[in-house]
Ligand SMILES: Cc1cc2nc3c(=O)[nH]c(=O)nc-3n(C[C@H](O)[C@H](O)[C@H](O)COP(=O)(O)OP(=O)(O)OC[C@H]3O[C@@H](n4cnc5c(N)ncnc54)[C@H](O)[C@@H]3O)c2cc1C
Ligand SMILES: Nc1ncnc2c1ncn2[C@@H]1O[C@H](COP(=O)(O)O)[C@@H](O)[C@H]1O
């Protein structure tokens with residue numbers, strides 16, 4: 001039984017949350033291989049080779065992988081899938097895009113967004129925006145799994161590097177082409193890996209307020225900035241900041257929810273945070289029911305005091 | 001261009017979902033059901049393509065029990081031209097749905113298939129991608145913008161850290177992000193009109209598709225509850241607690 005992890009990387013290194021995916025893979029199987037597919041991504045393969053528990057890294061390099069198209073990466077995974085009992089990827093847009101293609105071609109079910117490995121064939125995963133937890137058992141020969149990274153402790157690094165083997169790049173003809181990528185530049189920590197997240201909702205009332213009241217608190221705490229869907233839809237924050245059922249799932253040491261009511265779809269993305277603080281002027285806001293510390297007040301008064309008091 | 005949209009009947013997003021006492025699933029009896037919000041967006045996107053003169057026909061397809069006809073009626077009220085119900089009892093896994101949809105795709109030969117990015121009940125986010133793989137079609141998931149020009153689809157996708165734009169040669173599959181559009185408010189006249197639109201009912205077992213699954217749900221349970229918190233009087237008390245009680249700042 002060997003598990004294969006599909007790496008999300010930026011050519012020079014693994015995405016930090018890949019350490020959590022590798023931990024989940026190690027819980028499924030005694031041996032873990034990592035596939036790094038890309039163009040000019042040898043450094044990312046070296047990074048993968050030093051993760052504890054990884055016994056081999058497969059490096060597939062080719063121009064066809066540069067854009068990260070699901071069609072191409074799925075084909076590469078399929079070409080080597082025969083040797084594996086488990087195939088895992090992070091439950092991020094990257095993993096969600098690719099893995100169901102792999103599962104369908106293998107004619108197996110996919111187990112999406114697992115939060116616990118009960119045994120090699122049994123897993124827990126949230127359903128209904130986290131309102132319930134399903135325990136599922138897969139009888140498929142190959143288990144195809146996406147992993148909720150916040151539910152697994154990060155794997156450590158090891159002193160000895162695992163061998164890196166070239167994996168002959170597969171070419172498929174695809175009728176999809178990457179035209180452009182628009183990245184949002186930010187000097188804040190990655191939302192999904194940050195220790196502290198300061199998140200704002202519709203209560204912020206304007207983009208200016210979001211930037212002038214909420215952002216300074218985040219800066220002072222070296223925190224990532226999150227937002228509710230309402231705040232994103234109203235244009236107060238970038239799409240990429242959305243936390244929730246259909247946004248990102250985060251579980252920082254500290255989550256500060258400001259002017260967020262606490263809809264189930266928002267809670268789905270943050271209720272596993274270690275400490276939750278809620279600041280809201282409505283004492284009956286549902287967010288208080290899951291907050292460790294609640295402060296009833298007007299954010300326009302509370303935020304400047306908070307930032308100044310640190 | 002013929003457009004096919006998949007629509008799933010799900011527990012309405014405003015319902016507080018309860019786990020059944022025997023752990024066999026969640027309570028769905030006497031619960032409000034609706035079209036999956038992402039599928040409503042998918043139908044809206046297809047209808048807008050029709051209004052722009054790009055789509056010639058919009059077909060909504062649902063797989064499930066006969067009650068899914070209500071979901072198809074919602075799609076027809078938004079503006080889809082006709083519906084197809086692939087009828088079967090019991091829960092369907094995404095792979096089974098993808099196989100059933102493939103049979104319909106082969107029959108209807110649409111140039112564009114639009115699915116939701118995820119169903120809000122199982123939160124799987126698989127079906128569209130699986131269908132793309134089974135039909136060997138190019139895919140653009142989590143779309144926030146769809147354009148069609150010179151026989152090319154240009155789709156903007158929401159990805160971590162920003163967005164990216166793909167060009168697809170149809171036939172192709174797109175899955176919808178919440179940001180793609182805001183579905184129209186369905187008016188009474190359009191609901192009345194939808195009642196007259198045709199819905200074909202096709203028994204799933206007539207499609208020669210294996211919908212058995214190897215994935216078994218052993219139990220469904222409540223998520224662990226958080227321990228109750230406290231209200232603090234002011235900002236200083238809050239900062240004090242965060243510093244000394246939990247050491248997080
Ligand atoms: C399919 C689907 C998926 C969804 N996915 C997500 C998701 O991923 N993430 C997400 O967040 N939402 C999601 N939603 C939306 C969700 O249901 C809520 O609508 C949304 O989370 C509400 O955002 P909010 O709390 O910022 O706004 P509101 O609910 O409007 O709450 C604003 C809060 O601010 C408080 N407030 C106002 N002024 C002040 C002030 N001056 N000082 C202090 N407090 C103030 C109010 O008391 C209120 O509690 C989804 C919905 C659907 C249907
Ligand atoms: N039973 C079904 N009938 C029709 N479409 C479905 C069904 N199940 C899933 N889909 C489609 O696939 C999308 C993703 O569902 P899922 O993979 O279950 O998260 C949904 O938004 C629908 O568009």
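Chains as they are written, first to last, in full-length UniProt numbering: chain C, 1 to 310; chain D, 1 to 249. For each residue, glycine too, the CB sits at the ideal point set by N, CA and C.
Proximity winner among the options, relative to residue i (alpha-carbon distances)
i                     : options                       : result
residue 24 (chain C)  : C:82, C:176, C:262 and C:149  : C:149
residue 59 (chain C)  : C:262, C:225, C:294 and C:169 : C:169
residue 180 (chain D) : D:92, D:136, D:13 and D:155   : D:155
residue 145 (chain D) : D:82, D:209 and D:182         : D:182
residue 156 (chain C) : C:77, C:108 and C:52          : C:52
residue 222 (chain D) : D:64, D:25 and D:110          : D:25
residue 94 (chain D)  : D:224, D:128 and D:246        : D:128
residue 212 (chain D) : C:36, C:139, C:201 and C:278  : C:139
residue 152 (chain C) : C:1, C:119, C:233 and C:19    : C:19
residue 11 (chain C)  : C:193, C:293 and C:40         : C:40
residue 283 (chain C) : C:134, C:253, C:310 and C:260 : C:260
residue 147 (chain D) : D:52, D:20 and D:244          : D:52
residue 61 (chain D)  : D:208, D:100, D:90 and D:188  : D:100
Residue-level contact to chain C via CB, residue i, 7 Å cutoff
i                     : result
residue 141 (chain D) : yes
residue 214 (chain D) : yes
residue 147 (chain D) : no
residue 190 (chain D) : no
residue 198 (chain D) : no
residue 64 (chain D)  : no
residue 184 (chain D) : no
residue 138 (chain D) : yes
residue 130 (chain D) : yes
residue 231 (chain D) : yes
residue 97 (chain D)  : no
residue 20 (chain D)  : no
Under the three-state DSSP convention, the category residue i falls into
i                     : result
residue 271 (chain C) : coil
residue 162 (chain D) : strand
residue 235 (chain C) : coil
residue 18 (chain C)  : helix
residue 304 (chain C) : helix
residue 130 (chain D) : helix
residue 76 (chain C)  : helix
residue 210 (chain D) : coil
residue 226 (chain D) : coil
residue 209 (chain C) : helix
residue 203 (chain C) : helix
residue 54 (chain D)  : coil
residue 184 (chain C) : coil
residue 13 (chain D)  : coil
residue 126 (chain C) : strand
residue 168 (chain D) : strand
Proximity test, Cβ basis, 7 Å: residue i and chain D
i                     : result
residue 182 (chain C) : yes
residue 187 (chain C) : no
residue 209 (chain C) : no
residue 236 (chain C) : no
residue 14 (chain C)  : no
residue 213 (chain C) : no
residue 128 (chain C) : yes
residue 116 (chain C) : no
residue 256 (chain C) : no
residue 200 (chain C) : no
residue 97 (chain C)  : yes
residue 170 (chain C) : no
Residue i vs residue j beta-carbon contact at 7 Å
i                     : j                     : result
residue 132 (chain D) : residue 126 (chain D) : no
residue 178 (chain C) : residue 166 (chain D) : yes
residue 172 (chain D) : residue 153 (chain D) : yes
residue 169 (chain D) : residue 101 (chain C) : no
residue 119 (chain D) : residue 232 (chain D) : no
residue 114 (chain C) : residue 145 (chain C) : yes
residue 226 (chain C) : residue 243 (chain C) : yes
residue 59 (chain D)  : residue 82 (chain D)  : yes
residue 8 (chain D)   : residue 36 (chain D)  : yes
residue 93 (chain C)  : residue 38 (chain D)  : no
residue 134 (chain D) : residue 107 (chain D) : no
residue 306 (chain C) : residue 214 (chain C) : no
residue 137 (chain C) : residue 218 (chain D) : yes
residue 159 (chain C) : residue 49 (chain C)  : no
residue 269 (chain C) : residue 247 (chain C) : yes
residue 14 (chain C)  : residue 44 (chain C)  : yes
Interface residues of the segment 57 to 69 of chain C facing chain A [CB-CB below 7 Å]: Going by chain labels, chain A is absent from the structure shown, which instead holds the protein chains C and D.
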